[in-house]
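Each remark here refers to the structure printed beneath this line.
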Amino acid sequence: MATHQAEATAHSAAAPSAVYALLASGATWPSWIFVDSAELEREGRDGGESVGAIRIYRFRLAGVKGRSREQILELVPDRKFAYSVLAGVPVRDHRADVDLVPGVDGGTDIRWSAIWRPKYPGTGPLLRLSIRMIYRMFSSGLARKAAEGLPS
Numbered sequence: 005m006a007t008h009q010a011e012a013t014a015h016s017a018a019a020p021s022a023v024y025a026l027l028a029s030g031a032t033w034p035s036w037i038f039v040d041s042a043e044l045e046r047e048g049r050d051g052g053e054s055v056g057a058i059r060i061y062r063f064r065l066a067g068v069k070g071r072s073r074e075q076i077l078e079l080v081p082d083r084k085f086a087y088s089v090l091a092g093v094p095v096r097d098h099r100a101d102v103d104l105v106p107g108v109d110g111g112t113d114i115r116w117s118a119i120w121r122p123k124y125p126g127t128g129p130l131l132r133l134s135i136r137m138i139y140r141m142f143s144s145g146l147a148r149k150a151a152e153g154l155p156s
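For the sequence shown, the residue numbers in our numbering are 5 to 156.
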């Protein structure tokens, strides 16, 4: 089955460290995206939410409740957060990367991208559109939340 990809970008007035802090802490996700709750199912190899940790997210999107199970794959402080969806989304071999780059005029440029194979034949194009839309919401919500409290 073919591999698909999607990406979205946003800019935050906040520094990369503030953006990264939100990504690295699953407990913050309900404050900036449509997640109702986040819990740590399994700690990572260095304890807590380190590489290898598995998080469970309960969410509501367009009135539909769902649950996703995700594993943290890579953490580079202030630069990168990568994870894989293990269950809850109809994809296989999923990898998402959230790259944080200091903005030219300050702040942080956020690039949320993923690559995957559809779980069901023929669903690739619809999944690509849906995931791109979701990543736009994720990246813009993250950008806004990280910038909250900054002087205007």
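Note that CB positions come from ideal geometry on N, CA and C, so glycine has one too.
Sequence-distant residues of the same chain with beta carbon closer than 7 Å to residue i, five excluded per side
i	result
P106	P20, T112
W33	V39, A42, Y61
Cross-strand partners of residue i (DSSP beta bridge)
i	result
R71	R62
K84	V80, D103
L26	Note: L26 sits in no beta bridge, so no partner.
Contact check, residue i vs residue j, beta carbons under 8 Å
i	j	result
D97	W120	yes
L90	E74	yes
R59	E47	no
P81	Y24	yes
R136	A6	no
H8	L131	yes
G70	G92	yes
Simplified DSSP state of residue i, which is helix, strand or coil
i	result
Y124	coil
R49	coil
S143	helix
L131	helix
A57	coil
I37	coil
T32	helix
Beta-carbon contacts of residue i that lie in its chain and below 6 Å, excluding the five residues immediately before and after
i	result
E43	I60
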